[in-house]
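**Q** I'd like to ask some things about the structure below.
2 protein chains.
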Amino acid sequence: MPTLWDVASQSQFRLESMSTSLHHRAIENLGTRIITGELPTGHIMLAEHLEEELKVSRSVVREAVRVLQSLGLVETTKRVGIRVLPPSRWNPFDSQVIRWRLSSDARGAQLRSLIELRSAVEPAAAELAANNAPAQLRRELVDIAHALRDAGHSGDAQKFLELDIAFHSVLLSGSGNEMFANLMGQVAETLTGRTVHGLMPDHPHEGALQWHVDLAEAVAAGDAATARDASEQIMRRTTSRLSGTWTDQPRVFIPVRRN
Amino acid sequence: MPTLWDVASQSQFRLESMSTSLHHRAIENLGTRIITGELPTGHIMLAEHLEEELKVSRSVVREAVRVLQSLGLVETTKRVGIRVLPPSRWNPFDSQVIRWRLSSDARGAQLRSLIELRSAVEPAAAELAANNAPAQLRRELVDIAHALRDAGHSGDAQKFLELDIAFHSVLLSGSGNEMFANLMGQVAETLTGRTVHGLMPDHPHEGALQWHVDLAEAVAAGDAATARDASEQIMRRTTSRLSGTWTDQPRVFIPVRRN
DNA sequence: TGACACCGATGTGTGCAGACATCAAAACTC
DNA sequence: GAGTTTTGATGTCTGCACACATCGGTGTCA
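Which chain is which? The protein sequence lines are A and B, in order. So the first sequence is numbered by my numbering: it starts at 6 and just counts up by one. So the second sequence is numbered by my numbering: it starts at 6 and just counts up by one.
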């Protein structure tokens, strides 16, 4: 019978599986199974049963359950057990949850959510960066934008991806809003996912390359309106390029929780 | 010497302190102390020491530390201990972290971040709701908007606050984007915080009341552009009303994390 | 006889204490 | 200074006592 260690070695999670902690593996195991629906909403597990199934001790199970609880994936009730909560209770901003959803059937819906969020946030971040970013970040943004254009022309896909991620990261970081800045990780996920799934053209759109340069130079010049415009252009194009991946995904309307 | 139980009874956290779990109290205790800076970045604690200080057992400390770890507040290293991480590593979207920051010196900065996020997201949500929301939510939004206007005219502050929260919650929920919908909780925090701190006028701005009605009716009519405009008006006014609270707060530029 | 309130048995999470394993920092040796 | 050993903290496991929600049985009253 395979243990958590065996499962981890076949895992799709490269970086995380490096950290050889049973606790972490248990979280990955249960988290993915809940989010894929293998452990459906309302499903009840017993701590004792999880010990046997995962072949780990109580302390490991308990610590893992506590973390999943803080992510809104499960709740514990005395005399009942560990109950799987509905997706509406999951914390959609947690990077683990996002990662698990991106590698599940809900991948399209997750991408749509992320893109819509980015479309709303990045133009605002561009505006803020134009008004507030420190000089060094502005210079860096311009340099990256030019390098990005060059990489786009030369067709170096790997370098292009890295620069693309760096560009949007610096932009979000330069907004001076820590919530915006924290979306860097999610942005990186969408951008890398895009190339992994073959959604990148061999030669990036010439207009998109120029918009990146325009955005960077507007930020450098402190021209908030132009920066926002350029960012909106970029996001519109990104949305249209990716919208094909979620055409079949139904929208979910989370019920308003009232006390 | 006061125990965690005693401390909890003086706590500012009403709902949470009801749940009488040592685990939860330990998280609150450590979380608030880290975020207020009482436990500064780089500060190193030992699990054994925490047991004595909090007068709880090892398992409680360990489970609490695990949760704080998943929030990015601490990291554990063998042979070293439990190290407090810099604010740039904290998960700014976690509702606990937001709550802790709202009741700390960084309150202004947290409010600014939230308002900027809302200003970016709500107009987008209005657009999405106008295009996608189910009929029932559209009707509900219109009803709430009218009730909100009435409450504003009659000067019932309590009812006004409830309806205001309900309005924005339904709007975000109606967007069909689970990340937008999840911001409900944070929105509620900012709105309630606003009244608690005496930032609400006796009689709400007449224009703002009308914008809410306009927004609701535009969503009901499927008029995305008008819905967005109305939402932007509302957020502009909210921002200008609250901007006084963070004038002294410096912006923090989170460094871009590269692997 | 039926409805209802009470109450105790049961099972599960919660909290505790102690032991050993593991592994990286630090000290030591050469 | 490179390699090795020591050390000390977290990581993991286990047995136990307790709190308490749920369920079923019992008793009371109409």
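C-beta: ideal position from N, C-alpha, C; glycine also. Since we're looking at a predicted model, the values are computed, not measured.
Span of the alpha helix (DSSP H) holding arginine 106 of chain A?
**A** 100-107
**Q** For alanine 52 of chain B, I'd like the list of residues in its chain whose CB is within less than 8 Å of its CB, leaving aside the five on either flank, ordered along the chain.
**A** Arg63, Val66, Arg67, Val70, Gly86 and Ile87
**Q** Mind reading off the beta-carbon distance from leucine 168 of chain A to alanine 156 of chain A? Whole number of angstroms is fine, and I expect it under 8 Å.
**A** 6 Å
**Q** Grab the span of the beta strand (DSSP E) containing threonine 82 of chain A for me, first residue to last.
**A** 79-82
**Q** Check whether chain A comes within 9 Å of glutamine 163 of chain B, counting only Cβ atoms and requiring the distance to be less than that.
**A** no
**Q** So that I know if they touch, is there some Cβ in chain A lying closer than 9 Å to that of methionine 101 of chain B?
**A** The residue asked about is misnamed: residue 101 of chain B is glutamine in this sequence, not methionine. For glutamine 101 of chain B, the closest Cβ of chain A is nearer than 9 Å.
**Q** Could you please give the first and the last residue of the uninterrupted alpha helix (DSSP H) stretch that includes valine 89 of chain A?
**A** Looking at the DSSP string, valine 89 of chain A is not in any alpha helix (DSSP H); the run it does join, the beta strand (DSSP E), is 86-89.
**Q** Which of helix, strand or coil does DSSP assign to arginine 67 of chain B?
**A** helix
**Q** Using a threshold of 9 Å, state whether the C-beta atoms of alanine 134 of chain B and leucine 142 of chain B are closer than that.
**A** Their beta carbons are under 9 Å apart, which means alanine 134 of chain B touches leucine 142 of chain B by this criterion.
**Q** Quick check for students: name the residue ranges of the beta strand (DSSP E) that lie wholly in the region 89-174 of chain A, counting only runs of 3 or more.
**A** none
**Q** Could you pull out every residue in the same chain whose Cβ sits closer than 8 Å to the Cβ of aspartate 110 of chain A, ignoring the five residues on either side in sequence?
**A** So the qualifying residues of the chain are Thr41 and Gly42.
**Q** Looking only at DSSP bridge pairs, what is isoleucine 49 of chain B linked to?
**A** B/Arg88
**Q** So which residues on chain A does histidine 28 of chain B lean against when the C-beta distance must stay under 8 Å?
**A** Arg71
**Q** Which chain B residues are close to asparagine 181 of chain A, counting only those with a beta carbon under 8 Å from its beta carbon?
**A** According to the sequence provided, residue 181 of chain A is glycine. The question's asparagine does not apply to it. Going along chain B in sequence order, the residues near glycine 181 of chain A (Cβ under 8 Å) are Arg256, Val257 and Phe258.
**Q** If the cut-off is 7 Å on Cβ atoms, which residues from the region 56-67 of chain A count as contacting chain B, listed in chain order?
**A** Ser64 and Arg67
**Q** Would you call alanine 131 of chain B buried or exposed, if buried means 16 or more other Cβ atoms sit within 10 Å of its Cβ?
**A** By the Cβ-count criterion, alanine 131 of chain B is buried, with 16 or more other Cβ atoms from all chains shown falling within 10 Å of its own Cβ.
**Q** Here's the rule I'm using: 16 or more other beta-carbon atoms within 10 Å means buried, otherwise exposed. How should glutamine 191 of chain A be labelled?
**A** buried
**Q** Three Cβ pairs or more, each shorter than 8 Å: is that satisfied between the region 144-153 of chain B and the region 168-181 of chain B?
**A** Taking 8 Å as the limit for Cβ pairs, the verdict is that the region 168-181 of chain B does touch the region 144-153 of chain B.
**Q** How would you call glutamate 211 of chain A, buried or exposed, if buried means at least 16 neighbouring beta carbons within 10 angstroms?
**A** exposed
**Q** Going by DSSP in three states, aspartate 219 of chain B sits in which element: helix, strand or coil?
**A** helix
**Q** If you measure from the beta carbon of leucine 76 of chain A to each beta carbon in chain B, is any gap under 9 Å?
**A** Answer yes: the Cβ-Cβ gap between leucine 76 of chain A and chain B drops below 9 Å somewhere.
**Q** What whole-angstrom Cβ distance do valine 126 of chain A and alanine 125 of chain B have, given they're in contact under 8 Å?
**A** 5 Å
**Q** Let's test the definition: count the other Cβ atoms within 10 Å of the Cβ of serine 245 of chain B and tell me whether it reaches 16, buried, or not, exposed.
**A** Under this definition serine 245 of chain B is an exposed residue.
**Q** Taking Cβ positions only, does methionine 189 of chain A come closer than 9 Å to chain B?
**A** yes
**Q** Are the CB atoms of glycine 181 of chain A and valine 261 of chain B within a distance shorter than 9 Å?
**A** Valine 261 of chain B places its beta carbon 9 Å or farther from that of glycine 181 of chain A.
**Q** Whose C-beta lies closer than 7 Å to the C-beta of leucine 35 of chain A among residues of the same chain, with five residues either side of it excluded?
**A** If you ignore the 5 residues before and after leucine 35 of chain A, its C-beta comes within less than 7 Å of the C-beta of Ala69 and Leu73, all in its own chain and listed in chain order.
**Q** Taking the beta carbon of arginine 241 of chain B as the centre, do at least 16 other beta carbons fall within 10 Å, making it buried, or is it exposed?
**A** exposed
**Q** Any Cβ of chain A within less than 9 Å of the Cβ of proline 209 of chain B?
**A** no
**Q** My assumption, with CB atoms under 8 Å, is that asparagine 136 of chain B sits in contact with alanine 223 of chain B. Please give the rounded CB distance.
**A** Going by Cβ atoms, the distance from asparagine 136 of chain B to alanine 223 of chain B rounds to 11 Å, so no, they are not a contact pair.
**Q** Against chain B, with Cβ distances strictly below 9 Å, would proline 128 of chain A count as a contact?
**A** With 9 Å as the cut-off, proline 128 of chain A counts as an interface residue toward chain B.
**Q** Please state whether DSSP places threonine 41 of chain B in a helix, a strand or coil.
**A** DSSP places threonine 41 of chain B in coil when its eight states are reduced to three.
**Q** Would you mind stating whether threonine 197 of chain A and leucine 247 of chain A have Cβ atoms separated by less than 9 Å?
**A** no
**Q** In three-state DSSP terms, what is glutamine 74 of chain A?
**A** helix
**Q** What is the rounded straight-line gap between the Cα of aspartate 148 of chain A and the Cα of histidine 29 of chain A?
**A** 39 Å
**Q** By the three-class DSSP mapping on this structure, what secondary structure does histidine 54 of chain B have?
**A** helix
**Q** Where methionine 6 of chain A and leucine 76 of chain A are concerned, what is the direct C-alpha to C-alpha distance, given to the nearest angstrom?
**A** The predicted model places methionine 6 of chain A with a pLDDT of 40, which falls under 50 and marks its position as unreliable; any figure quoted below should be read in that light. Answer to the nearest angstrom: the Cα atoms are 29 Å apart.
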